[in-house]
Every structure is written in structure tokens, then in C-alpha cells.
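J.: Below is one structure. I have some questions about it.
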Amino acid sequence: MEIVGQSAQELHLQPRLLLAQESRWTLKHQYWEANKVADLPAKRATHLDKKCRILQQPTEEVFELLEQDRRGTSWARTFFV
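Per the working numbering: the sequence shown ends with 1040, consecutive numbering throughout.
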């Protein structure tokens, strides 16, 4: 496992602490087209030789996707038959 920045244990606890502060929360499915920022590292991870890699900062590709989202770029849902 490669860890850059915070320890894996600290990163694992952060979402749990945030959820514990809220009395009600809901998990909802998002298609990958609606969340390209999350989809990008998931796709990249399939090509890594290590099982886990934690980055301290987002990559340039993530910043570009965030900028496209800010501008309102839409992505068509693609179906393969």
C-alpha cells in the first residue's frame, strides 16, 4: 500500500465522523456520467499495480473535470448493446 499524506486510518475515520454528526443521512446511486470526478480515480485504479494509493491533492485531471462541472458541461449516458 502506498500512502501519500495522511494515514489510511485517519482517512477511514473522517467520513464516519461526518456521518456521526448528522442525525439523518441517505445514500443515493449516481451514474458515472453524473460524477466524473469520482469515476476518474476508479478507472485509474484498475491499472495500478498497488492495491491502495492515497493522494494528498487532486490530480490535474480532477481539477479539469471540476472546472467542466462548474461550467455546466453535460455528459450523455452511453449504452452498449
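From the three backbone atoms N, C-alpha and C, an ideal C-beta is built for every residue, glycine too.
Given this structure, state the Cα-to-Cα distance separating R1012 from L1025, to the nearest angstrom.
T.: Whole-angstrom Cα-Cα distance: 21 Å.
J.: DSSP state of M960, grouped into three classes?
T.: Note that M960 scores a pLDDT of 47, beneath 50, so its modelled location is shaky; the value from the coordinates is reported in the next line. The answer is coil: DSSP assigns M960 none of H, G, I, E or B.
J.: Counting along the chain, where does the alpha helix (DSSP H) carrying K995 start and finish?
T.: Run containing K995: K995 to A1004, per the alpha helix (DSSP H) assignment.
J.: Just the Cα atoms here: how many angstroms apart are Y990 and S1033?
T.: Cα to Cα, Y990 sits roughly 13 Å from S1033.
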